[in-house]
Structures are given as structure tokens and as C-alpha cells.
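In what follows, a structure is listed as C-alpha cells, so that the remarks can point back to it.
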Amino acid sequence: MMAEHQVTITGGSSVLGQHLIKQIQKQASHITRICLLEHQCYRQGFVEVVAGSVTSYDDILFATHNSQTVLHLATTRDRRMFVDMEPCEAVNVTGTMNVIKACKRNGVKNLIFVSSIDVLIGYKDIINGTDRHTTYPKKHLFPDSVTRCIAEKAVLAANEYNILHTLVIRPVTMYGELDNRYLASMLRLALANYGELLCVGDFSCKTQLAYLGNVAHAIICAERTLREDPALCAGKSYIITDDTPADNPFDIIKPLLRRYGFFVTTWSVPEKYAKAMMVVLKVILWLLSPFIAYNPHFSYELVHYLCHTYTFSDKRARRELGYQPIYPTANSWQRTFAYFDEKFKVALVDFLSKNVIGQTGHTATMLQLNTLKKNISVKQIDPTRYRWAWQVACLKLF
135 MMAEHQVTIT GGSSVLGQHL IKQIQKQASH ITRICLLEHQ CYRQGFVEVV AGSVTSYDDI
195 LFATHNSQTV LHLATTRDRR MFVDMEPCEA VNVTGTMNVI KACKRNGVKN LIFVSSIDVL
255 IGYKDIINGT DRHTTYPKKH LFPDSVTRCI AEKAVLAANE YNILHTLVIR PVTMYGELDN
315 RYLASMLRLA LANYGELLCV GDFSCKTQLA YLGNVAHAII CAERTLREDP ALCAGKSYII
375 TDDTPADNPF DIIKPLLRRY GFFVTTWSVP EKYAKAMMVV LKVILWLLSP FIAYNPHFSY
435 ELVHYLCHTY TFSDKRARRE LGYQPIYPTA NSWQRTFAYF DEKFKVALVD FLSKNVIGQT
495 GHTATMLQLN TLKKNISVKQ IDPTRYRWAW QVACLKLF
């Protein structure tokens, strides 16, 4: 009979967390029980959810009881113009410290912290950055990255042979099903500008993406290696990418925008002018803050990121963790498009029920809506018609 191997996952309801649980069920047969620390309790199969937060030491102490491995995914970030550092410090720093203390108290053998490539990103370009030669920048580009950097250092410092083996995963920007950050944020910007995404920079810079399913697989590879051969990987950090080619951020989003009738401008705002606009806007919003509460999801730092090159190599992860992407690039994008197709189809049904069926004076029945959902294709819609209604429907989704 196989011995029970329990794994505690923090942040299991996140986008990456959901992909990770799916991959564990597919390929990690040695894991017999998963304990998730979330906001409410329930149990489904071998997954048990414990109510709590990483910001509470007692909650994480209870969730890690009897666990052999902890996969710490619970982090937060703030990419708005005016960054609120308090929740970032509470979750990323205090929460990680609580996880480390709970692991030591409960005798957990292995701790994997899923950080972000942002801890390596400063104001200088990075081309094919590696684990060995790419160090923390003197000043991080995104202010909230400082809290992840502190958390990383604490996790790596906690590594102690035969007591607690630790490892840090640094995935690049991720895309795929359930994505609510990179691709979704670019779609939001386009939708807010009536389907036209305004470009900045000279189109020469490149950024690196990785499919969520491949990153989840990399975490499983790290868990296996840390458990079976801690001397090889404990106390180290690993950059994770896949075979998705590095490309300009606006060229990456083009196929997804064109799929839904939107587009990227053929011209762009030069970097220096875009940054100047952000500085002026920030001053204006700061002066108006006593009267108007508005904190946009674009900033000087985001403009800099979109206008500079940040690419990385995951050779060490492939060599030491045995990681190889399991989803080819074409298949990854196919899955991503299918997910966004479904989201837009839902918006389309809602749009038609209110603006087409509703105009006849009749209420749309469930049968009519289900028929629409089954038979309509996203390619059949002309988003230039009833632009405002289409935009509102889509903004509700993103």
C-alpha cells in the first residue's frame, strides 16, 4: 500500500493554482491528498480546502499539519499607477514568513515558493537572462516586486539539509486559460479604446511568455526533484519559460485582437512622450485625489516595460529539474484562443438577447439563448455594429 503523501498549496484558487491542481491529478500519482488554504471550507475527492489566510500564522500552521510538501503560490501584486504596498507586504512578506515558520514547526520536509520573474526586472534590458548570471537589480521596475524579493531571500535562507529543503520558481509572464492578467489586461485596454490598442515604443523590444500548463508542470518537476534529490536543487532558484518565442508585446496580442475584430494601431507613441504623459497624468490625479478617486491600471513603469526587452533562459531548470514543456506552442495558443472564444461567446449571447431579441419586444427564452450559444461563432459578429453595447458586454468579462 502506497504511503500517504500530503501536499499543502497556498493560492490554489489562483489561475496558476487551478492549472497546478489539474496537472497534479494527471501526472503526480504519489500525491494522495491536497490541502488548500482558501477562504471557505469544502472537500472534493482528495482535495480538502481549509478556510484561512497566509497572513494568519495559526491558519497556515493548521493547513500544513501532516504535510510533507508545501507549494506556496499565494502572492499578490499591484500594477496600478498608485501602488498600495500594504497588502503586498502582508501577503508576500508576512505570509511567506508565516509559511516558513509553520513548515519548521510541523516538520514539513519541502517548501517550494512560486515567485515571479519580476524580481529580476529593473530599468535595464535583459537578454537571455540566466539563473546564474542574472541578479537582483539595484532598483526594481515595479515597486511591489521588492516584497517578492524579500520573500525569495527568506525562503532560500530557510533551506537546511535534512530539516527543510527549499526552492524558488520564477516563471516569466504567463498566458493560457483563465488568464486575467497579461492578455486580459491588453484586451481591456483595447476594449476601453473602442477596439483599438494604442502602441508605445518602436516595436523592436521583446518580452517572454510561458503557457500556464507548462509552468504548472515545471512546479511538479521541481517537487519531484526536491523530494528525491534535494542535494541537487535545494537552496536554488529556477527561471521557468517554455518554447513560446519571445516577441514584441503588441505583436503577441495581434492575433487575439484580430480574432474579435479589434486591432493594434500601425503607429505608436514614442517612449519618451508616453512616459512624459504618465508623469503629467500622475501629478494631475494626485492633485485631484481629494475629490476624485481614480487609480488607472497603466503607469510609467508599464510603459517602460513595454518599451524594453526582457527575455530569459530556463536551461538550468531543464537540466537539473528534468523540466521539458509538455504543451507545444501551437497547442498552447489553441487552448488560449478556445478559452477567450467561449468568454466572447457568452458576451455575444448576452449582447444579442438584449439588443436583438429584446428589440422585437419579446423576452429571450433560455431555449433561444442556448441555441444562440451553440450555433453562433465569434467570427460571425461584426464588433463595429452596436460598438458601445459590445464593449460594455466584453468589459464585464475582463
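Heads up: take any position in the sequence shown, counting from 1, add 134, and you land on this note's numbering.
Here a beta-carbon is modelled for each residue, glycine too, at the ideal position from N, C-alpha and C.
What you are looking at is a predicted structure, and each value in this text was computed from that prediction instead of being measured.
Buried or exposed: residue i, going by 16 or more other Cβ atoms within 10 Å of its Cβ?
i	result
K370	buried
F247	buried
S338	exposed
Q458	exposed
G145	buried
G495	Caution applies to G495, whose pLDDT of 43 falls short of 50 and renders its modelled position unreliable; the model cannot decide the point.
D336	exposed
V417	exposed
T166	exposed
G456	exposed
Q140	buried
E357	buried
Q157	buried
A344	buried
Q342	buried
N382	buried
H274	buried
E362	exposed
S163	exposed
I426	exposed
Y394	buried
A472	exposed
T142	buried
Compute the distance between the beta-carbons of residue i and residue j, then report whether it is under 7 angstroms.
i	j	result
Y407	L419	no
R214	S250	no
I374	I303	yes
V184	A197	yes
L331	K238	no
Q202	K160	no
V188	G241	no
T378	I261	no
T445	K340	yes
T93	L245	What is shown of the chain runs 135 to 532, which leaves residue 93 out entirely.
Y309	T463	no
L366	E454	yes
From the DSSP secondary-structure annotation, give me the bridge partner or partners of residue i.
i	result
D123	Limits of the chain in this structure are 135 at one end and 532 at the other, which puts residue 123 out of reach.
N314	Note: N314 sits in no beta bridge, so no partner.
C169	T142 and E182
R304	I373
T268	According to DSSP, which records beta bridges pairwise, T268 is partnered with nothing at all.
L331	V398
L298	E294
I387	None, per the DSSP bridge assignment.
N262	None; N262 has no bridge partner.
If I'm right that residue i touches residue j with Cβ under 8 angstroms, what's the distance once you round it to whole angstroms?
i	j	result
D193	L207	Actually they are not in contact, since the Cβ atoms of D193 and L207 sit about 15 angstroms apart, beyond 8 angstroms.
L205	A350	Rounded, the Cβ-Cβ distance is 10 angstroms, inconsistent with contact.
P226	T210	One point to set straight first is that residue 226 is Asn, not Pro, in the sequence displayed. Correct: roughly 7 angstroms between the Cβ atoms.
A324	L391	6 angstroms
I353	A292	Between A292 and I353 the Cβ distance is about 18 angstroms, and since that is not below 8 angstroms, they are no contact.
V413	Y434	6 angstroms
F276	D252	6 angstroms
D265	R452	With 8 angstroms as the limit, D265 and R452 do not qualify as a contact, their Cβ atoms being about 11 angstroms apart.
What residue does the beta strand (DSSP E) around residue i start on, and which one ends it?
i	result
Q140	Q140 to T144
L415	No beta strand (DSSP E) contains L415, which is instead part of the alpha helix (DSSP H) from E405 to L422.
L205	T203 to H206
L436	Per DSSP, L436 belongs to no beta strand (DSSP E); it is in the alpha helix (DSSP H), Y434 to L440.
T230	Not the beta strand (DSSP E): T230 falls in the alpha helix (DSSP H), residues G229 to N240.
Could you pull the start and end residues of the alpha helix (DSSP H) that residue i belongs to?
i	result
I354	L346 to E362
I194	Y191 to A197
Determine, for residue i, whether the minimum Cβ-Cβ distance to residues of chain B falls below 7 angstroms.
i	result
S148	The question asks about chain B, but that chain is absent: this structure has only one protein chain.
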